[in-house]
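Visitor: No gaps in the numbering here: position 170 of the sequence shown is 170 in UniProt numbering, and each next residue is one more.
Glycine included, every Cβ here is placed at the ideal spot set by N, Cα and C.
All values derive from a computational prediction rather than experimental measurement.
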Amino acid sequence: MALPPREYLWSVFVSVDRDKSGYINANELQQALSNGTWNPFNPETVRLMMGMFDRENRGQISFEDFGALWKYVTDWQNCFRSFDRDNSGNIDKNEMKHALMAFGYKISDNLVNTLIQKFDRFGNQTILFDDFIQACILLHTLTSAFRAYDQDQDGIITIHYDDFLSMVLSLKI
Ligand SMILES: [Ca+2]
Ligand SMILES: [Ca+2]
């Protein structure tokens, strides 16, 4: 999906930048994002996004980086909608299973249940938009780390304790 015109992005940026500092901080981003309920957007997902798009390492997002962030959020919204097949505004176990299969993960039903339980912040056996993003980022990060060791790609690795710790500790999660 292409970026919208710069003027449009600027108008969104200005409305998100509530204190008119010229940068978007984590609080401003959290307030601008919606998970489809009245509950605040998952702060952990906000933190992950800030880390991804704050390329100047200021702890804030400049307008230059805002376009990439806008596209990221919009792509996730479209992705979430396409997997929320019954339009309930959340992802249930079956929808999660289809999403993960579409992403190319081979994941057992048990693990899908575990994922839902871990990221279901409200105890409804479903996952909201913000928690869905967090779950997918985590899964992607862990899978990439695993695959770096799984050189023959058979889904099995043998790893020394030291390597395991350094693998886990080096993850940006
Ligand atoms: Ca600001
Ligand atoms: Ca649904």
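Looking at the strands, I want to know which residues DSSP matches up with isoleucine 156.
Guide: Isoleucine 156 pairs with nothing; no bridge assigned.
Visitor: Excluding sequence positions up to five away, which residues of its chain have a Cβ less than 8 Å from the Cβ of serine 34?
Guide: Phe41, Phe129
Visitor: Could you tell me whether any non-hydrogen atom of ligand 2 is closer than 7 Å to the CB of asparagine 78?
Guide: The closest heavy atom of ligand 2 lies 7 Å or more from the beta carbon of asparagine 78.
Visitor: DSSP state of isoleucine 133, grouped into three classes?
Guide: helix
Visitor: Please go through the same chain and pick out, in chain order, the residues whose beta-carbon is closer than 8 Å to the beta-carbon of phenylalanine 13, but skip the five residues on each side of it.
Guide: In its chain, beyond the 5 residues on either side, Ile24, Phe63, Phe66 have a beta carbon closer than 8 Å to the beta carbon of phenylalanine 13.
Visitor: What do you get for aspartate 163, buried or exposed, if any count of 16 or more other CB atoms within 10 angstroms of its CB means buried?
Guide: exposed
Visitor: What are the boundary residues of the alpha helix (DSSP H) that includes asparagine 57?
Guide: Where asparagine 57 is concerned, there is no enclosing alpha helix (DSSP H), given that its DSSP letter is neither H nor E.
Visitor: Less than 8 Å between the CB atoms is what I'm expecting for lysine 93 and glutamine 125, so what's the real figure, rounded?
Guide: Lysine 93 to glutamine 125, Cβ: 7 Å. Contact.
Visitor: Can the beta-carbon of proline 43 be found closer than 8 Å to that of glutamine 30?
Guide: yes
Visitor: Is it right to say glutamine 153 is buried, meaning 16 or more other beta carbons lie within 10 angstroms of its own, or is it exposed?
Guide: exposed
Visitor: Report the three-state DSSP secondary structure of isoleucine 127 (helix, strand or coil).
Guide: strand
Visitor: If you compare alpha carbons, which of Glu28, Met101, Ser88, Leu111 is closest to glycine 36?
Guide: Ser88
Visitor: Quick one: what does DSSP say isoleucine 116 is sitting in, helix, strand or coil?
Guide: Isoleucine 116: helix per DSSP, three-state reduction.
Visitor: Specify, as a first and last residue, the run of the alpha helix (DSSP H) that asparagine 39 falls within.
Guide: Asparagine 39: not part of any alpha helix (DSSP H); DSSP gives it neither H nor E.
Visitor: Determine, using beta carbons only, whether alanine 99 and phenylalanine 122 come nearer to each other than 8 Å.
Guide: no
Visitor: State yes or no: is the C-beta of glutamate 7 nearer than 7 Å to some heavy atom of ligand 1?
Guide: no
Visitor: Are aspartate 131 and aspartate 120 closer than 8 Å when you measure CB to CB?
Guide: yes
Visitor: Unbroken beta strand (DSSP E) runs of length 3 or more, entirely within the UniProt domain "EF-hand" (4–39): which are they?
Guide: none
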